[in-house]
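Using our numbering, the first residue of the sequence shown is number 1023, and each one after it goes up by one. Notes for the one structure printed next.
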Amino acid sequence: MPAKARSRKESIPARLKPLFWDVPFGSLKLDRDRDLIIRRLLDRGDWEAVQWLRTQFTDRDLGNWLLERRGAGLSPPQLRFWQLVLGLPERDVDDWLRSGARQVWDQRAFR
């Protein structure tokens, strides 16, 4: 089924404010701060946060976002989860996880 375009006029729900402790929450704009919002919610969001994110962006949008960034900022278990949910190509995720620079970081950060 083709992905539908989503309306991005909805403001960010107040319940997500704790996830954006390091930025002025009231000034966040979905279109302008797209990368920050997607990364933060894919990384730290609970199921409700992710459900809201998926009302703002299609799964194709989110998958393409991850593909463009080669999964940067997400742990190996998170990448495997999003691989399954968003239908990311296993070969791509395997390549990201095998990259030398990533392995060094993952060994330090995600033990």
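Cβ atoms here follow ideal geometry from the backbone N, Cα and C, with glycine treated the same way. Quick caveat, the model's predicted, so the values are computed rather than measured.
- Leu-1050 sits in coil when the DSSP states are folded into three classes, being neither helix nor strand.
- Closest in alpha carbon position to Asp-1065, among Val-1045, Asp-1053 and Pro-1098, is Pro-1098.
- In this structure, Leu-1108 lies away from Ala-1071, with their beta-carbon atoms at least 7 Å apart.
- In the structure shown, the three-state DSSP call for Glu-1112 is helix.
- With contacts defined by Cβ atoms closer than 7 Å, Trp-1074 and Pro-1046 do not form a contacting pair.
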